[in-house]
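Peer 1: I have a structure I would like to understand better, so I am pasting it below and will then ask my questions one at a time.
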């Protein structure tokens, strides 16, 4: 061999060899590969069958990323190998070992564009946040390593996996297995399944021909880019699209294109808006949830896969279903982020949408209506309520309604709609009685109560408190126990989780003593409500007592009312009705309650909760 060729060869001439398919396999034998004398990459086109990997000679032995380790490679002159390669050499490989393709925890099935492939999953994937859809057969948008852990092919320590591409299907199921909770997906265009990577011995036989390409230099490992999204547009959005016979297949596809443009402009990402999709037809169908996709690319892919269902346009039924079932912690809703439903109506709904709008508001959902092609005068007789838009939206102020004349030329409507969806301060329906109230409990700890009855009072307090969405940006709970003295058990700012609040209520110690309810009201207004006087939450005071106060209650209660605090008074046993009415807010009959026995407190729980929500809604009008 001419010495002039040795430096060229040692610079790292690479061949892409077709190697046996088994993960972690080794081969022994001889593979003759004609090689040009140029520095660069080579493409093997036959000979060993299987996988493409990188290789180079024993002058710079492997292993290399995604390639084999070679031993005993020899370079021999092969004159006249090809007319297109005047001077060629023969690379003789006497031994090689194959390593599977290294991937990340976030590599998806659709990223591997082969019918079958051997991959190597890293350790620690079970601790990452990825998506897996299905069971045994997984949607191609799923994480390969996540699916492998879910199926039990590998553990959290990683390892070799073989992936097989499969056709798309419908109804990918949700199953919890091996510490991974897979998710449902109604339909996807491609699937895959996984098995354990197998090792074995392979013989290298035959020849593979190489063509040279210019060197690309050092290869850099590509790491998946995490998209944070538009941080100025934080919203959890459900697009409720029209899938009825009224819109038809053609306009249905135009509708999907418009939704895709809106989704793209929103700036979807982990710290930006999250979106999901629901289709309204004869029966509503949730196509994908908020947590399923956190990048615009994946969302657009998912929207494209949604099929037309047909049937009546039961938009009201679909809106109610979305408000009740779509926005939950399990499906990806985030605390403190506005919940939004964008309802697309082509023509008019075939059912009652007003009631659905009321339900949505009760769940803190901001309803937008995008109406397209209003009914013509001849069709108005078929419309149940011509004012359906005004009655379904969050507020009838023009902000939550949007009209397009038809589905053609809709690009100009995308940006104005996105601007509305990203206007956080306008989402007035995000505030509900469950997440925007401060509730203080004033608990009678006098001697006449007794320890066992005191426990029943604490249970009453807990049952009310646990109904509300307690958080640092949501509902706040406080408690004061009183006899002649007062003791703040905890204030509004002490605990920001429901679990902690309920735990501290259970552990309140019974004081025992006299009854000075008036002083206790003044103490609570000053020391508990005083520090949160600038809070946007509405203030409520729930007083529970079993006897007559030794001091005046009317003056302190009036001062509390003047401070914007709504009072519910609950009396047990010997509590005077006059005192209860003097303390309660107006109307007295819906804010004052009485029961002869402490066991009668339980039925009053729902009355107090309904009263709080009623007063809250009235304050928002």
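Numbering (mature numbering (1 follows the signal peptide of the UniProt record, and there is no 0)), first residue to last: -24 to -1, 1 to 597.
C-beta atoms are modelled at their ideal positions from N, C-alpha and C, and glycine is treated no differently.
Taking its Cβ as the centre, do 16 or more other Cβ atoms sit within 10 Å of residue 530, making it buried, or is it exposed?
Peer 2: Looking at its Cβ environment, which holds fewer than 16 other Cβ atoms inside 10 Å, residue 530 is exposed.
Peer 1: At which residues does the beta strand (DSSP E) containing residue 465 begin and terminate?
Peer 2: 462 to 466 is the extent of the beta strand (DSSP E) around residue 465.
Peer 1: Taking only three categories from DSSP, how would you classify residue 581?
Peer 2: Here residue 581 sits in helix by DSSP.
Peer 1: Ignore the nearest five residues each way along the sequence and tell me which others in residue 396's own chain have a CB closer than 6 Å to its CB.
Peer 2: Contacts found: none.
Peer 1: How long is the line joining the alpha carbons of residue 501 and residue 314, rounded to whole angstroms?
Peer 2: The straight-line gap from Cα to Cα measures roughly 31 Å.
Peer 1: So, are the CB atoms of residue 214 and residue 298 less than 9 Å apart?
Peer 2: Yes; because the gap between Cβ atoms is below 9 Å, this pair is in contact.
Peer 1: Can you have a look at residue 364 and say buried or exposed, based on whether 16 or more other CB atoms are within 10 angstroms of its CB?
Peer 2: Classification for residue 364: buried.
Peer 1: Straight-line CA distance for residue 480 to residue 385?
Peer 2: So the two alpha carbons sit approximately 59 Å from each other.
Peer 1: Taking residue 500 as part of the alpha helix (DSSP H), name the residues at either end of that continuous run.
Peer 2: Its alpha helix (DSSP H) spans residues 493 to 500.
Peer 1: Compare the Cα-Cα distances from residue 126 to each of 274, 170, 250 and report the closest residue.
Peer 2: The option with the nearest alpha carbon to residue 126 is 170.
Peer 1: Rank 472, 483, 572, 477 by C-alpha distance to the C-alpha of residue 521 and give the top, closest one.
Peer 2: Of the candidates 472, 483, 572, 477, the one whose C-alpha sits nearest the C-alpha of residue 521 is 572.
Peer 1: Among the candidates 300, 402, 80, 141, whose CA atom is the shortest distance from the CA of residue 209?
Peer 2: Comparing Cα-Cα distances from residue 209 to each of 300, 402, 80, 141, the minimum goes to 402.
Peer 1: Thinking residue 514 and residue 582 are a contact (beta carbons under 8 Å), I'd like their distance in whole angstroms, please.
Peer 2: About 19 Å; that fails the 8 Å criterion.
Peer 1: State the CB to CB distance for the pair residue 250 and residue 308, rounded to an integer number of angstroms; the pair is presumed to be in contact (CB under 8 Å).
Peer 2: Right, their Cβ atoms sit about 6 Å apart.
Peer 1: Which residue's Cα is closest to the Cα of residue 230: 242, 283, 205?
Peer 2: Residue 283 is the option with its Cα nearest to residue 230.
Peer 1: Do residue 79 and residue 120 come within 9 Å of each other at the CB atom, strictly closer than that value?
Peer 2: Taking 9 Å as the Cβ cut-off, residue 120 and residue 79 qualify as a contacting pair.
Peer 1: Check the C-beta distance from residue 289 over to residue 218 and give it rounded, since I have them as a contact under 8 Å.
Peer 2: Confirmed, Cβ separation roughly 6 Å.
Peer 1: Sort 236, 239, 495, 405 by Cα distance to residue 316 and report the nearest one.
Peer 2: It is 405.
Peer 1: Our contact map puts residue 266 next to residue 306 with C-beta atoms below 8 Å; I'd like the distance itself, whole angstroms only.
Peer 2: Not really, about 10 Å apart at Cβ, beyond 8 Å.
Peer 1: Return the chain-ordered list of same chain residues with a C-beta closer than 8 Å to the C-beta of residue 239, the five sequence neighbours on each side being excluded.
Peer 2: 215, 251, 272, 275, 276, 279, listed in sequence order.
Peer 1: How would you call residue 550, buried or exposed, if buried means at least 16 neighbouring beta carbons within 10 angstroms?
Peer 2: Its Cβ having fewer than 16 others within 10 Å, residue 550 is exposed.
Peer 1: Can the beta-carbon of residue 420 be found closer than 9 Å to that of residue 457?
Peer 2: Yes, the pair counts as a contact, with Cβ atoms nearer than the cut-off.
Peer 1: Determine whether the beta carbon atoms of residue 117 and residue 84 lie at a separation below 9 Å.
Peer 2: Their beta carbons are under 9 Å apart, which means residue 117 touches residue 84 by this criterion.
Peer 1: Provide the residue span of the alpha helix (DSSP H) that contains residue 436, from first to last.
Peer 2: First-last of the alpha helix (DSSP H) with residue 436: 427 to 441.
Peer 1: Tell whether a beta-carbon distance below 9 Å holds between residue 478 and residue 447.
Peer 2: Not a contact, by the Cβ cut-off of 9 Å.
Peer 1: For the 8 Å Cβ check, are there 3 or more pairs between the region 128 to 142 and the region 84 to 98?
Peer 2: As far as the Cβ criterion goes, the region 128 to 142 touches the region 84 to 98, which means the pair count is three or higher.
Peer 1: If distances are taken between C-alpha atoms only, which option among 516, 318, 165, 295 comes closest to residue 398?
Peer 2: Here the closest residue by C-alpha is 318.
Peer 1: What does the Cβ neighbour count give for residue 114, buried or exposed, with the cut at 16 atoms within 10 Å?
Peer 2: Burial call: buried.
Peer 1: Grab the span of the beta strand (DSSP E) containing residue 517 for me, first residue to last.
Peer 2: Its beta strand (DSSP E) spans residues 514 to 521.
Peer 1: Inspect the beta-carbon positions of residue 464 and residue 429 and report whether they are closer than 9 Å.
Peer 2: No.
Peer 1: If the criterion is Cβ atoms closer than 9 Å, does the pair residue 544 and residue 569 meet it?
Peer 2: Yes, the Cβ-Cβ distance between residue 544 and residue 569 is below 9 Å.
Peer 1: Skipping 5 residues on each side, what residues in its chain have a beta carbon closer than 7 Å to that of residue 129?
Peer 2: 137, 170, 171, 172.
Peer 1: Which parts of the region 306 to 359 are runs of the beta strand (DSSP E), unbroken and 3 residues or longer, counting only runs that do not cross its ends?
Peer 2: Entirely contained in the region 306 to 359, the beta strand (DSSP E) runs reaching 3 residues are, in chain order, 315 to 322, 341 to 348.
Peer 1: I'd like the list of long-range same chain contacts for residue 233, defined as Cβ closer than 6 Å, with 5 residues on each side in sequence excluded.
Peer 2: Excluding residues within five positions, none has a Cβ falling inside 6 Å.
Peer 1: In the DSSP assignment, find the beta strand (DSSP E) that holds residue 95 and state where it starts and stops.
Peer 2: That run of the beta strand (DSSP E) goes 92 to 97.
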